[in-house]
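Inspection log for the structure reproduced underneath, given as structure tokens.
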Amino acid sequence: MGKRADDTIVFPAIVYKVQTLEDDGLRVAFDLPESAILQAAWLMECKRSGIALTVHIEAADIPRT
């Protein structure tokens, strides 16, 4: 799949967990709001299709839970 201008997945999130793996890699998990079901589906499709992602993180003004 080629990159298009509209290939961006945007959603508010809170870091749930950062974990070190046995191979010294890292795994990061996020909590998403219920309103981000479509974005979560896109992420699941990326996982299923083996699509690597470039992640850009920026602070957002969202309420903490």
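Residue numbers (the numbering used here): 88 to 152. Virtual Cβ for every residue (Gly too), placed ideally from N, Cα, C. Everything numeric in this text was worked out from a predicted model, so none of it was measured.
When DSSP states are grouped into helix, strand and coil, L113 belongs to the strand group. If you draw a straight line from the Cα of H143 to the Cα of D110, it comes to about 24 Å. Its Cα nearest to that of T95, the residue Q126 stands out among Q126, G137, G112 and A146. G112 and S122 have their C-alpha atoms some 30 Å from each other.
For I101, the enclosing beta strand (DSSP E) has its first and last residue at I101 to T107.
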